[in-house]
Each structure stands twice: as structure tokens, then as C-alpha cells.
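Chemist:
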Amino acid sequence: MSRVVIVSGGGTGIGRAVARRFAQDGDRVLLVGRRDGVLSEAAKALAAEEGATGEIRTLAADLSDPAEAQRVRDEVDARYGRVDVLVNNAGGNVEIGAPDDVPSGLAGVAWHWTGNFNCNVLTCVLLTEALRDLLQQPDRRVVLISSIAAYRGSGSGSYAASKAALHPYAYDLAGQLGGHGATVNVVAPGYIEDTEFFGGRMPDERRKMLVAQTDNGRAGTPADIADTVHWLSSPGAGHVTGQVVQVNGGAQHGA
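One rule links them: number in the numbering used here = place in the sequence shown (from 1) + 818.
Right under this line is the structure:
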């Protein structure tokens, strides 16, 4: 029987690649994100790809809002009545492409830290907690997408700290869901190309520096992360839980 797979932030980049990988298995995939148009375009394109046999549907919601997360839970229960895999991919760095009217001083500090907490922590926690009862079942899988920044910082603090906050949450959740037969793991990517993360603002010199930090001499791809998420969600990873898997080509020691 096909599984029900929910992918937050599923319209672009890593989330879209994750959705593609599960759709190739014939799974029923629900893309969740803030931008309805982006989600709809992604679903249409993915469904048209060769090898995509699964059903792909969309649901627009702001997952940092408790009421919106509850609405997603209600829709999921009504549509499917179950969740087999939850991939918490929604997130980003509010410091990239920040508007010109960001306050200065401590008010600006609060804007950045609150924004990244809402973007990366609440979007994950609220959706997961809304679906908790559906995940308390044998063979359920929860995967959180973190970042290499959680280990070595992001230059300003707030983005890295928000991603690092996912790790202890995953450890606690793994303990709480483990008795039901579910697993919870984290994937921490390094530099991944072909995403919207940098907003088209990646200087060539910085790209070369990030690639040079890897041991295998290349940037990561969304497919690299999707394949790792897919394995963690497979029966073969049934005894893997409470882990953070770094996917960065060996760049974790770079500066």
C-alpha cells in the first residue's frame, strides 16, 4: 500500500526533490507551504515527470501559526486519516533578502532572532505536534531538515541557533515516539545548490570557497538530501532513530 508523505516547504529546492523521490515510489505526497502558486506549479511539474506514479496534492499554510498548523492536521485527517512519513523541510534565513525597513539596534536583533525562530523552529514543531497522534504508530517516520550551520555557526547567530534547536527536539521526540515504533531523525545539509536559500545572491568566490571545503570537491544537490531522507524513511532504517546525519561532502570542518 502506498504511504502518505507530508513534505513541508515542498514547492522548491530540497523539499521538491524529496517529494519527487517519494512520488517515484507511488506514494501519496502532500506538499505544504506558504505560497499556493509555487506549490501548485511544483505538483503539476512533478506529476508530469517520468517515473512519478504517486498522487501529489498541495495545501497552502503558514506553519508558524498554530491555527494554520491545526488546519493542516484537520485536512490531513480528513483526506487520508493517516501519516506515514513527515518531512519537516520548511525554513530559511530571514537575514537573506531582509527588507530595508528592518529596525536597528536591539529591535533589529529581536527581529532577526524571532524571524528565524518562527521560520525554522515553529514551522517544524507546530506541524509535528499537530500530527503527533497520527505519528504514534508502528513504522512511522519523522525527518527534520537542519543545517551544517547548527555545528559551526552562520556568521550572525540566529539562523544557526534556530537550526541547532531542532536537534534536542528530535532527540526528545525520538524517545517519545520510539515506544510506538516510530523513528525520528535529522538531516543536516552542507552547501546545496539549486535552491532558493541564497536568493540568487551567492557570489562566485563564496561558492568556490564552500566547494573547496568539501572532501569530494563538489556542491551538494537537492537529490543528495532527498536520497538520504528517503533511506531514513525506509524499512531498512527502522533501527536508526535519534540521529543527526550530516550530508556535506566532508565540509563540516571548514571555516
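In this text, a Cβ means the ideal position worked out from N, Cα and C, and glycines have one as well.
Rounding to the nearest angstrom, what Cα-Cα distance links T946 and S964 in this structure?
Modeler: If you take the alpha carbons of T946 and S964, they lie about 15 angstroms apart.
Chemist: Of all the options S858, A978 and A865, which has the alpha carbon lying nearest to the alpha carbon of N911?
Modeler: Among S858, A978 and A865, the Cα nearest to that of N911 is on A978.
Chemist: From the DSSP secondary-structure annotation, give me the bridge partner or partners of G851.
Modeler: Per DSSP, A878.
Chemist: P801 to A879, Cα distance in whole Å?
Modeler: With the chain covering only 819 through 1073, there is no way to say anything about residue 801.
Chemist: May I ask you to verify whether the region 919-932 touches the region 954-971, counting CB pairs closer than 8 angstroms and requiring at least 3?
Modeler: Flag = no, the region 919-932 and the region 954-971 do not touch.
Chemist: In this structure, does DSSP put A1037 in helix, strand or coil?
Modeler: In this structure, A1037 counts as coil in the three-state DSSP scheme.
Chemist: Could you pull the start and end residues of the beta strand (DSSP E) that T1001 belongs to?
Modeler: Element bounds for T1001: T1001 to P1007.
Chemist: Determine the DSSP secondary structure at Q1061, reduced to helix, strand or coil.
Modeler: Note: Q1061 maps to strand in three-state DSSP.
Chemist: For the region 1029-1041 and the region 937-956, state whether three or more C-beta atom pairs, one from each stretch, are separated by less than 8 angstroms.
Modeler: As far as the Cβ criterion goes, the region 1029-1041 does not touch the region 937-956, which means the pair count is below three.
Chemist: Drop a sphere of 10 angstroms on the beta-carbon of G999, count the other beta-carbons inside from all chains shown, and report buried for 16 or more, exposed for fewer.
Modeler: The residue in question, G999, is exposed, as its Cβ has fewer than 16 Cβ neighbours within 10 Å.
Chemist: Does DSSP put V912 in a helix, in a strand, or in coil?
Modeler: Three-state DSSP puts V912 in coil, outside helix and strand.
Chemist: Output the boundary residues of the beta strand (DSSP E) element that contains V905.
Modeler: Taken as a continuous stretch (DSSP letters only), the beta strand (DSSP E) holding V905 covers V903 to N906.
Chemist: So V847 packs on G829, CB below 8 angstroms; how close in whole Å?
Modeler: With 8 angstroms as the limit, V847 and G829 do not qualify as a contact, their Cβ atoms being about 12 angstroms apart.
Chemist: Touching or not, the region 924-942 and the region 860-877, by the rule of three or more beta carbon pairs under 8 angstroms?
Modeler: No: fewer than three Cβ pairs fall under 8 angstroms.
Chemist: By how many angstroms is the C-alpha of H1048 removed from the C-alpha of G1054?
Modeler: G1054 and H1048: Cα-Cα distance of roughly 10 angstroms.
Chemist: Please report the distance separating the alpha-carbon of V823 from that of V905.
Modeler: Taking the straight line joining both Cα atoms gives about 8 angstroms.
Chemist: Going straight from the alpha carbon of R889 to that of D990, what length do you get?
Modeler: Looking at the two C-alpha atoms, the distance is approximately 25 angstroms.
Chemist: Specify the secondary structure class of I966 as computed by DSSP and reduced to three states.
Modeler: If DSSP states are grouped into helix, strand and coil, I966 belongs with coil.
Chemist: Indicate whether T1046 and V1058 have their beta-carbon atoms separated by less than 8 angstroms.
Modeler: No. Outside cutoff.
Chemist: So the beta strand (DSSP E) I824 belongs to, where does it begin and stop?
Modeler: Taken as a continuous stretch (DSSP letters only), the beta strand (DSSP E) holding I824 covers V822 to S826.
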